[in-house]
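Each remark here refers to the structure printed beneath this line.
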Amino acid sequence: MEINLPALDERVITQAIITRYTEVLLSLSEVEVAVVGAGPSGLSAAYYLAGSGIKTAVFERRASVGGGMWGGGMMFNQIVFQEPAREIFEEVGIRFTEFAPGYYVADAVETVTGLAYAVCRKGAKIINLVTVEDVVLQNDVVTGVVLNWTAVEMAGLHVDPLAVRCRCVVDATGHDARVVRLLTEKNGVTLKTPGGRVQGEKSLWAEIGEKQILENTAEVYPGLYVTGMAANAVAGGYRMGPIFGGMLLSGKKVASLISEKLRSSSSGSPN
Ligand code: 48F
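The number in my numbering is simply the position in the sequence shown, starting from 1, with 19 added.
And the structure:
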């Protein structure tokens, strides 16, 4: 087989990258929802938010999306989930098998790539290699996120960040609950959750951890929501170990809470 490659101009390649990237970033200077972290809960949240027609951006500090999903459990790259999460896999089109009654298992690489592709196709934008290093806080409401290149953070460079305005921020940063910690540590504010501060996660208890993750998925401060492991870290819930149904369902729940809030605020009813 003979393939004839056309002549190439390096300048055009450079121009295409810079022009298109800048267009995308400019379009995200104001969004309805900024999701921080592209692990299972953040990707699921973005999938359902964008699916409801909500302008959504996901900011991920690493080069790769997927968070803790790639490694399955202890690098055995299989994703286990339970019954209520099955419909998410079916909807997104990720293949799985039933291992035992009520326990399902899917390939981790297919799960991450399938979910990330579905998020993009729903219309959410994922920006990787940027770290959310702060929030915008105005009149006791979180109204945006503050971004810098992850490389700037890693190199310890003194470079000021940029801010993105939004109506809601979702902390999907996992065990660290980074965004909520930033808010409370910098501003000394009290959260709506019991204790008013980040409690830190408890040890492993899969069943209770999974239940708590859904209960703890909530707005924890005006404009700031938590999903995934961040929700249990904030409320002091158990970790659940290598089961991912709760993460995906938590993303779905936070999307539904935010959709309701945005709908009620645009219709003028109190929230
Ligand atoms: O850790 P992560 O996968 O969080 P999750 O969605 O899921 C937890 C599970 O993976 C697993 C578990 C269940 O079995 O307990 O650990 O709650 O994904 C969090 C993502 O957030 C990114 C981080 O790189 C990862 O991809 N992240 C963390 N801090 C920041 C961030 C930040 N400041 N700015 C941007 N992204």
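We put the CB at the ideal spot given by N, CA and C, even for glycine.
In this structure, A254 places its C-beta atom within 7 Å of the C-beta atom of T212. The Cβ-Cβ distance between V189 and Y244 falls below 7 Å. Distances between the C-beta of V55 and the heavy atoms of ligand 1 include at least one below 6 Å. Every beta strand (DSSP E) stretch that sits fully inside the region 131 to 159 and reaches 3 residues is listed by chain position as 144 to 147, 149 to 157.
One alpha carbon belongs to K141, the other to P25, and they sit about 33 Å apart.
Shortest gap from the CB of P261 to any heavy atom of ligand 1: under 6 Å. Closer than 6 Å to some heavy atom of ligand 1: that does not describe the Cβ of G163. In the structure shown, N96 adopts coil according to DSSP, grouped into three states. Excluding the 5 residues flanking it on each side, N147 has same chain C-beta neighbours closer than 6 Å at E79, A82, in chain order. The beta carbons of V52 and L68 sit closer together than 7 Å.
Residue burial is scored here from C-beta neighbours: P120 has fewer than 16 other C-beta atoms within 10 angstroms and is therefore classed as exposed. Between G270 and C187, the C-beta gap is not smaller than 7 Å, which leaves the two residues out of contact. Judged by DSSP secondary structure, R282 falls within the alpha helix (DSSP H) whose first and last residues are 264 to 285.
Pairing I113 with A191, the inter-Cα distance amounts to about 22 Å.
Looking at the DSSP output, G163 bridges to V155, R184.
Less than 7 Å divides the Cβ of P103 from the Cβ of L268. Looking only at L44, L45, G86, the smallest Cα-Cα distance to L62 is reached by G86. In the displayed model, E117 falls within a strand according to three-state DSSP.
Judged by DSSP in its simplified three-state form, E238 adopts strand. Under DSSP, K230 takes part in no beta bridge, so it has no partner. At a cut-off of 6 Å, the beta-carbon of M248 counts as near ligand 1: some heavy atom of the ligand is closer than that.
Counting only the Cα atoms, A64 lies some 11 Å from A76.
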